[in-house]
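Undergrad: Residue numbers (the working numbering), protein chains in the order written: chain A, 1 to 229; chain B, 1001 to 1257; chain C, 2001 to 2257; chain D, 3001 to 3343; chain E, 4001 to 4343.
Beta carbons are placed, not taken as given, at the ideal position from N, Cα and C, and that holds for glycine.
Take a look at this one; I'll ask things after.
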Amino acid sequence: GSSSTEGAPTQVTVFAAASLTGTFTELGKRFEAANPGTKVTFNFGSSATLAQQITQGAPAAVFAAASPATMKTVADAGLAGTQTVFVKNKLEIAVPPDNPAKVENLKDLTDPKVKVALCAEQVPCGAAAVKALDAAGLKVTPVTLEQDVKATLTKVELGEVDAALVYKTDVIASAGKVTGIPFPEADQAVNDYPIATLKDAPALAQKFVDLVLSQQGRDVLTKAGFEAP
Amino acid sequence: MPWLLVVPAMLGMVFLVLPLAGLLVRAPWSTLPERLSEPQVLEALRLSLVTASLATVICLVLGVPLAWLLARTDFPGRRLLRALVTVPLVLPPVVGGVALLLVLGRRGLVGQWLESAFGFSLPFTTAGVVVAEAFVAMPFLVIAVEGALRAADVRYEEAAATLGASRFTVFRRVTLPLVAPGVLAGAVLCWARALGEFGATITFAGNFPGRTQTMPLAVYLALETEPEAAIVLSLVLLAVSVLILVALRDRWVGAAA
Amino acid sequence: MPWLLVVPAMLGMVFLVLPLAGLLVRAPWSTLPERLSEPQVLEALRLSLVTASLATVICLVLGVPLAWLLARTDFPGRRLLRALVTVPLVLPPVVGGVALLLVLGRRGLVGQWLESAFGFSLPFTTAGVVVAEAFVAMPFLVIAVEGALRAADVRYEEAAATLGASRFTVFRRVTLPLVAPGVLAGAVLCWARALGEFGATITFAGNFPGRTQTMPLAVYLALETEPEAAIVLSLVLLAVSVLILVALRDRWVGAAA
Amino acid sequence: MTLRARIVVERPAFRLDLDLTVSRGEVVTLLGPNGAGKTTALRALAGLTPLTEGSIELDGVRIEKEPAERRPVGVVFQDYLLFPHLSALDNVAFGPRCQGRSKAEARSRARDLLDRMGLAEFSSVRPRRLSGGQAQRVALARALAVEPRLLLLDEPLAALDAHTRLEIRSELRRRLTGFDGATVLVTHDPLDAMVLANRLVVVEHGVVVQEGAPAEIARRPRTDYVARLVGLNLYRGEGDGDRVRVGELSFAAEEHVTGPAFVAFAPRAVALYRARPDGSPRNLWEGRIDGVERHGDNVRVHVDGPVPVAADVTPAAVAELDLTPGRPIWVSVKATETHAYPA
Amino acid sequence: MTLRARIVVERPAFRLDLDLTVSRGEVVTLLGPNGAGKTTALRALAGLTPLTEGSIELDGVRIEKEPAERRPVGVVFQDYLLFPHLSALDNVAFGPRCQGRSKAEARSRARDLLDRMGLAEFSSVRPRRLSGGQAQRVALARALAVEPRLLLLDEPLAALDAHTRLEIRSELRRRLTGFDGATVLVTHDPLDAMVLANRLVVVEHGVVVQEGAPAEIARRPRTDYVARLVGLNLYRGEGDGDRVRVGELSFAAEEHVTGPAFVAFAPRAVALYRARPDGSPRNLWEGRIDGVERHGDNVRVHVDGPVPVAADVTPAAVAELDLTPGRPIWVSVKATETHAYPA
Ligand SMILES: Nc1ncnc2c1ncn2[C@@H]1O[C@H](COP(=O)(O)OP(=O)(O)OP(=O)(O)O)[C@@H](O)[C@H]1O
Ligand SMILES: Nc1ncnc2c1ncn2[C@@H]1O[C@H](COP(=O)(O)OP(=O)(O)OP(=O)(O)O)[C@@H](O)[C@H]1O
Ligand SMILES: [Mg+2]
Ligand SMILES: [Mg+2]
């Protein structure tokens, strides 16, 4: 993987947060179609792991992170070019389709009889949940603080908890296995997704970033539930 | 010296130990006292040790007989069963957690019955952590002990039978002591695997400080925000486990001599 | 029948097998053909099998001599070394991956030297996957084999020495065949652990389809998009590994008889 | 009748088919060449090897379907099989413990037995640290400790030194005398067999070839193996009253036999001469020296000829007769020391 | 001189201290009671047990520091230790293979040895399926296959039946005769010792108590153990010319000794009487019957008294004398069969 050092690079390696798996795979196909002879290679993973890999010298050209904090790690190491926030993600309350605890709004989550799953504060969706709850002036005692939003969602899908705070994108991706309940305080707790080309990246990398930022890219992303920045 | 043995052994040793050296070098040691004074860290450490030990006990109680059944008896389907026992090894732990939820969760096959009969549900409890760890770690014990049983000389068991020992007595007083090193090895594997278990635990039991947050979970979350803190936490876990293993081995070896 | 053994063995069996049944019941079987026709899935499966097998070979080559060194020789610091060998078991795999990066990464202690001397770097390559899996899986082999070695009767080795066998010949022609069941058990543990390895692999080798994306990584990504697909993928991995284990065992047992 | 058994065990390339009855208090010794099936028979009696066919009846109860642990049987194995993780004492106490005795009771019993075996000081020693003979004695004590009704001993005295052997043999005799069960013993030592057994059963190739009181068998062996065992020369021939014809030879014997007959005489009844002796000794032929070996204070000479024969001569005679292999020699056997009996 | 060794091995509660020299072609037998240290001595010679002190010199080269695999030594172990995963043939071929021979060569050599041991048909059999005696013979073949310069045998014939024993003993003798190295053999069988050994070394409690030619030792035992081994009664006393005083008794003997002396005589030299015999037999005393056991065709009677004594009498005599334990009895020993020699 030394595409960045060769003459006419036809390959671009993109490190992207796992939550972007579906949308970026789609965008990668479009990019390859639009630029015949090129190849986009993805490395999806937890944003923190990706940041760690990049600072340890991974051959990445583009980094799309699920939180500004992880992007900051890379930038602090002097490896990131200009960062742009390309989407935001907003929280919703996810409940099982039969909604056993009859949850309707954020306040219902404070009921001790309602089992709630939140993300851990260390991961973006957890930080956002804390912000939203603070904004609403509510105190929720969850039964679990999940490692990532997918794990949180799984708990709702399997009915282990009665409600959880997850991203709208996840509710859409679950294809009806959970029901999403929007709530107003979500607006005060949006999570920014920054993207940047990395040090020594080929020109093609910027082209990919451009695609993500283009209208075409935005369409793909909003269809999946992301919001424009 | 048999260099053909010593050289690869040394290489293996370096391969296993060097990355630890890397961690040791990079770890921000100055933050260690601060970390250790965080109650959450000690809590997670304690929880890890307790749950891993309980899981090991469960694995010993259920797994050693299972290994015996696989090694010493013959019944239809034994070969398939032996292969199935290996399965939780291969299962990505997160999927293992999902599988446990499907069976023991609130709406699981057995779990919903537990819930309605006893009002008791395993997920999000410390007991759930133990169950998840035992599920993931038991195959290690079973396979190691089965290997030891197969290598043991069955004639001692025959001798015991002629002295009037029932099959259980033979097992307890002859077989088990004879394969003790193998059981010990299996228990170490099992305990260590349980101690390091992450995926199945967080999926089945969730992550709540003081109740279900074990060290690996704390480490994982720390990695999200402060990777260097995660390294320190891992090293604390390592140091404690190494100390315990060295101490226990000494005691066991002392008792055996 | 010794019920005191059979009953816990049955319980253990149910405990290990029931969650699999849960998965089997819930899996969306109708999507299986579609999954299996995706080239990425087959690619990941192939990669998993190849890397796990290579990692097992490396572990055997380095780990069996290491186990021998720990079990049959005495040198200062042996006890500490034995404990250190257990360490990668306890290390959360993700941290293991970080440790490997710190040592073998492009900027790592050894890695930067490898890069400048040979222009060769391990991370994000298939070789890197093998290294990560071997690092995580080797302790299983070493501990299982050491247990088997300790339980074996050393007098056969003495007899071989009096026949003029060098220590290496003794090892190869007497010790190894005598502890074959233990080595086999260790290799199975090692292979299965490598096959299911996720954290260290994704951290050290990344998640590139066709190059470093093994089945557990594919399962992880599938969990992001279609959780049920993830279950199907896991079951495919399981089925393949069970088939291979049953087939190999039969061949081995056949050869031994 | 305590034990009445028909033991059939089939193995690739080997078949054991044995009828065995042992009365109360009787000691039966199984004798036979290596690989005859003695150990296999003991294992079948103990329940460690399943019968292909047959039955085992002990004190009127059929036990061939019982598992080993429910047969009232004690076994001393050919290679001891002491539990390596238990002390000598605990090895011996193992059986009584399994029979439900308290730990203290079992141990005091075990201590008692070890004492009698002269192993009191080795109570707390692990088998690995015992010498071969010490281990054998512990194994013996262990088998006796369960007070079995059928005692099976596979070469129980083989590893014992002459002194200990004498003592343990006496101890064993005493125990067996006070023992109202059946005992089956395998030994290669004719002396052990003679001293301990009431009856010998000679097994070859899985079947009984001779059976009877030790003295009877010693006097009238019926197979080469038995003859060698008791140190006799044995031939099979045809009796016609006062002589027995064996091939081209004809033996005069003490007894009169007609029809198929055995002729047996001891090596010391054989005299060797460089030239044909004068007079008319009746059992006389010429042979060729095949080998010479020291045998106690004497020398045993193997002579080939119409029949192979072993002769014991004094060392002085060796020098005088110049007994080098290949030399022709005259062989004569005293008729008064030659026994004949029906085959 | 092929082997010259001083072997000192210290163990908790046991110390072995042995001087041993064996010439080219000589066979030395270590005899001794169980636990005397014979196996320990062999292990030390083989390099399996380190010496605490001392040295081992083989053909002029010090080898006590060499590891076992570099000593030109072949060992037959007391419990065979055949490799369970190899066929009988491959067990025997193991040594030659280690010596660098080709597989075919090693196997043909092994086949040859197995043939001579009468085990040709068991070549491809695993040790688990061999009988005790068959296993022993394979072990013997395995040790001989390396053509060692020092051959160590720990009871090589113990598990063999009488017939095979004779053959293997002869085979062994033949090999040992053609063998120009040293042989050290441990056996409990006096016959094996007499037939195979040029010299006996008697070990008790880790030290040599007597050493010499078999006949010499058989005639003049110096310890109780040796006396029992060769079947003699032995006492230690004080000689004053033509008599030896033992406690309150005084023995007339063939030889004249002055000072500390041993008196030895065979059980068959002892006569028993119900009443004090007439005339004046010189070696005469009264004792009490301690025990009676069959012994071959005779009966051995143990008599307690001023000294314990064993007497062999005919079965007829038993009935006539009413030899029940506890009965007082008169003992007389023929002076012509009593030997005295300096202690
Ligand atoms: N590994 C050991 N550790 C400590 N003591 C031992 C060990 N092996 C043997 N001994 C002791 O050393 C003494 C000598 O044992 P050794 O095996 O040499 O006797 P031996 O003469 O071969 O007897 P046998 O004729 O019964 O085989 C015995 O008292 C035995 O208990
Ligand atoms: N497990 C087995 N499988 C197949 N054949 C066996 C097995 N064990 C013994 N044999 C064969 O059965 C025959 C009888 O063996 P057994 O051990 O009963 O002989 P034995 O009379 O005890 O001889 P020994 O006096 O040498 O101990 C032998 O030819 C042996 O090779
Ligand atoms: Mg036998
Ligand atoms: Mg010995």
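So, are the CB atoms of M1198 of chain B and P1216 of chain B less than 7 Å apart?
TA: For the purposes of this step, residue 1198 of chain B is identified with residue 198 of the second sequence, where counting begins at 1. For the purposes of this step, residue 1216 of chain B is identified with residue 216 of the second sequence, where counting begins at 1. According to the sequence displayed, residue 1198 of chain B carries Phe and not Met. Cβ distance < 7 Å, so F1198 of chain B and P1216 of chain B count as in contact.
Undergrad: Does P2181 of chain C come within less than 7 Å of chain E when only Cβ atoms are used?
TA: What you label residue 2181 of chain C is simply residue 181 of the third sequence in a count that begins at 1. For P2181 of chain C, the answer is no, since every Cβ of chain E falls outside 7 Å of its Cβ.
Undergrad: Which whole-angstrom value is the C-beta distance of P3306 of chain D and L3249 of chain D, which I expect to be below 8 Å?
TA: As a first step, residue 3306 of chain D is located in the fourth sequence; it is residue number 306 there, counting from the start. As a first step, residue 3249 of chain D is located in the fourth sequence; it is residue number 249 there, counting from the start. 5 Å between Cβ atoms; contact.
Undergrad: Counting pairs of beta carbons, one from the region 4314-4326 of chain E and one from the region 4274-4291 of chain E, are three or more of them closer than 8 Å?
TA: Contact between the region 4314-4326 of chain E and the region 4274-4291 of chain E is present, because at least three Cβ pairs lie under 8 Å.
Undergrad: Counting along the chain, where does the beta strand (DSSP E) carrying R2173 of chain C start and finish?
TA: Against the third sequence, residue 2173 of chain C aligns to sequence position 173. Unbroken run through R2173 of chain C: none, as it is neither H nor E.
Undergrad: Exposed or buried, W1003 of chain B, counting other C-beta atoms within 10 Å across all chains shown (16 or more means buried)?
TA: Translated into the one-based positions of the second sequence, residue 1003 of chain B becomes position 3. Exposed: under 16 other Cβ atoms inside 10 Å.
Undergrad: Please list the residues of the region 2135-2147 of chain C that have a C-beta atom closer than 8 Å to any C-beta atom in chain B, keeping them in chain order.
TA: The residues in question are F2135, M2138, P2139, F2140, V2142, I2143, A2144, E2146 and G2147.
Undergrad: Beta strand (DSSP E) containing D192 of chain A: first to last residue?
TA: The count along the first sequence starts at 1 and reaches residue 192 of chain A at position 192. It spans N191 to L198 - the beta strand (DSSP E) in which D192 of chain A sits, taken as one unbroken run.
Undergrad: Would the region 2093-2109 of chain C and the region 1005-1022 of chain B be scored as touching if the rule is three or more Cβ pairs under 8 Å?
TA: The region 2093-2109 of chain C, when compared against the region 1005-1022 of chain B, does touch it at the 8 Å Cβ threshold.
Undergrad: I need the straight-line Cα distance from A2957 of chain D to E4155 of chain E, nearest angstrom please.
TA: This structure cannot settle anything about residue 2957 of chain D, because the visible part of chain D is limited to 3001 through 3343.
Undergrad: Would you tell me roughly how many angstroms separate the C-alpha atoms of T4338 of chain E and Y4225 of chain E, rounded to the nearest one?
TA: Mapped onto the fifth sequence, residue 4338 of chain E falls at position 338. Mapped onto the fifth sequence, residue 4225 of chain E falls at position 225. When rounded, the distance between both Cα atoms is 18 Å.
Undergrad: With 9 Å as the limit, tell me which residues of the region 1158-1173 of chain B have their beta carbon closer than that to any beta carbon of chain C; keep them in chain order.
TA: The residues in question are S1166, R1167, F1168, T1169, V1170, F1171 and R1172.
Undergrad: Rounded to whole angstroms, what is the Cα-Cα separation between D4278 of chain E and T4336 of chain E?
TA: Looking up residue 4278 of chain E in the fifth sequence gives position 278. Looking up residue 4336 of chain E in the fifth sequence gives position 336. Distance between the alpha carbons of D4278 of chain E and T4336 of chain E is about 18 Å.
Undergrad: Please check if any C-beta of chain D sits within less than 7 Å of the C-beta of R1072 of chain B.
TA: As a first step, residue 1072 of chain B is located in the second sequence; it is residue number 72 there, counting from the start. No, R1072 of chain B does not count as interfacial toward chain D.
Undergrad: Using a threshold of 6 Å, is the CB atom of R3129 of chain D nearer than that to any non-hydrogen atom of ligand 1?
TA: Within the fourth sequence, residue 3129 of chain D is the residue found at index 129, counting from 1. At least one heavy atom of ligand 1 is nearer than 6 Å to the Cβ of R3129 of chain D, so yes.
Undergrad: Starting from the beta carbon of R4142 of chain E, find every residue of chain C whose beta carbon is closer than 8 Å, and list them in chain order.
TA: By 1-based counting over the fifth sequence, the position of residue 4142 of chain E is 142. Here the neighbours are L2163.
Undergrad: Taking the runs of the alpha helix (DSSP H) that are 4 residues or longer, which of them lie wholly in the region 3139-3193 of chain D?
TA: Runs found: 3162-3177.
Undergrad: Which value, in whole angstroms, describes the spacing of the CA atoms of T110 of chain A and G1063 of chain B?
TA: To locate residue 110 of chain A, count along the first sequence from 1; it is residue 110. To locate residue 1063 of chain B, count along the second sequence from 1; it is residue 63. Spanning the two alpha carbons is a distance of roughly 43 Å.
Undergrad: Run down chain E in chain order and give the residues with a C-beta less than 8 Å from the C-beta of L2184 of chain C.
TA: Start at 1 with the first residue of the third sequence, and residue 2184 of chain C comes out as number 184. Within chain E, no residue comes near L2184 of chain C; the closest Cβ sits about 13 Å away, beyond 8 Å.
Undergrad: Would you list the residues sitting across from Y167 of chain A in a DSSP beta bridge?
TA: Against the first sequence, residue 167 of chain A aligns to sequence position 167. Paired residues: A:L91.
Undergrad: So, does the CB of T144 of chain A fall closer than 7 Å to a CB anywhere in chain B?
TA: The residue labelled residue 144 of chain A in the question sits at position 144 within the first sequence. Yes, because at least one Cβ of chain B sits closer than 7 Å to the Cβ of T144 of chain A.
Undergrad: If the cut is a Cβ gap below 8 Å, which residues of chain D does S4170 of chain E touch?
TA: If you number the fifth sequence from 1, residue 4170 of chain E lands on position 170. Correct list: G3291 and E3293.
Undergrad: What three-state label does DSSP hand L54 of chain A in the structure shown?
TA: Counting from 1 along the first sequence, the entry for residue 54 of chain A is found at position 54. Position check: residue 54 of chain A holds Ile in this sequence, whereas Leu was assumed. Residue state, collapsed to three classes: helix.
Undergrad: Could you tell me the distance, in whole angstroms, from the CA atom of F3014 of chain D to the CA atom of A4120 of chain E?
TA: For the purposes of this step, residue 3014 of chain D is taken as residue 14 along the fourth sequence, with counting starting at 1. For the purposes of this step, residue 4120 of chain E is taken as residue 120 along the fifth sequence, with counting starting at 1. Taking the straight line joining both Cα atoms gives about 16 Å.
Undergrad: Beta carbon of L4089 of chain E, beta carbon of S4123 of chain E: below 7 Å?
TA: Here residue 4089 of chain E is taken as the residue at index 89 of the fifth sequence, counted from 1. Here residue 4123 of chain E is taken as the residue at index 123 of the fifth sequence, counted from 1. The answer is yes: Cβ separation under 7 Å.
Undergrad: Would you say L1184 of chain B and I2143 of chain C are within 7 Å of each other, going by their C-beta atoms?
TA: As a working mapping, residue 1184 of chain B is identified with position 184 in the second sequence. As a working mapping, residue 2143 of chain C is identified with position 143 in the third sequence. Taking 7 Å as the Cβ cut-off, L1184 of chain B and I2143 of chain C do not qualify as a contacting pair.
Undergrad: P3308 of chain D: buried (16+ other C-beta within 10 angstroms of its C-beta) or exposed?
TA: Indexing the fourth sequence from 1 puts residue 3308 of chain D at position 308. Its Cβ having fewer than 16 others within 10 Å, P3308 of chain D is exposed.
Undergrad: Which class does G2012 of chain C belong to by DSSP, given the choice of helix, strand or coil?
TA: Here the question's residue 2012 of chain C lines up with position 12 in the third sequence. Residue state, collapsed to three classes: helix.
Undergrad: Which of helix, strand or coil does DSSP assign to D162 of chain A?
TA: Within the first sequence, numbered from 1, the residue matching residue 162 of chain A stands at position 162. Looking at D162 of chain A - three-state DSSP - the assignment turns out to be coil, as it is neither helix nor strand.
Undergrad: Looking at the strands, I want to know which residues DSSP matches up with F4265 of chain E.
TA: Within the fifth sequence, residue 4265 of chain E is the residue found at index 265, counting from 1. The partner list for F4265 of chain E (beta bridge, DSSP) reads E:N4233.
Undergrad: Less than 6 Å separating the Cβ of Q3078 of chain D from some heavy atom of ligand 6?
TA: For the structure depicted, ligand 6 is absent and the ligand set comprises only ligand 1, ligand 2, ligand 3 and ligand 4.
Undergrad: Can a CB atom of chain A be found closer than 7 Å to the CB of L2042 of chain C?
TA: Here the question's residue 2042 of chain C lines up with position 42 in the third sequence. So no, L2042 of chain C is outside the interface.
Undergrad: Between the alpha carbons of P1139 of chain B and L1178 of chain B, how many angstroms are there, rounded?
TA: Within the second sequence, numbered from 1, the residue matching residue 1139 of chain B stands at position 139. Within the second sequence, numbered from 1, the residue matching residue 1178 of chain B stands at position 178. Between P1139 of chain B and L1178 of chain B, the C-alpha separation is close to 21 Å.
Undergrad: Which residues of the region 3043-3056 of chain D have a Cβ closer than 7 Å to any Cβ of chain B? Give them in chain order.
TA: Of all residues in the region 3043-3056 of chain D, A3046 and L3048 have a Cβ within less than 7 Å of some Cβ in chain B.
Undergrad: Can you tell me where the beta strand (DSSP E) with N43 of chain A in it begins and where it stops?
TA: One-based indexing of the first sequence puts residue 43 of chain A at position 43. Where N43 of chain A is concerned, the enclosing beta strand (DSSP E) stretches over K39 to G45.
Undergrad: In three-state DSSP terms, what is D111 of chain A?
TA: As a first step, residue 111 of chain A must be located in the first sequence, where it is residue number 111. Note: D111 of chain A maps to coil in three-state DSSP.
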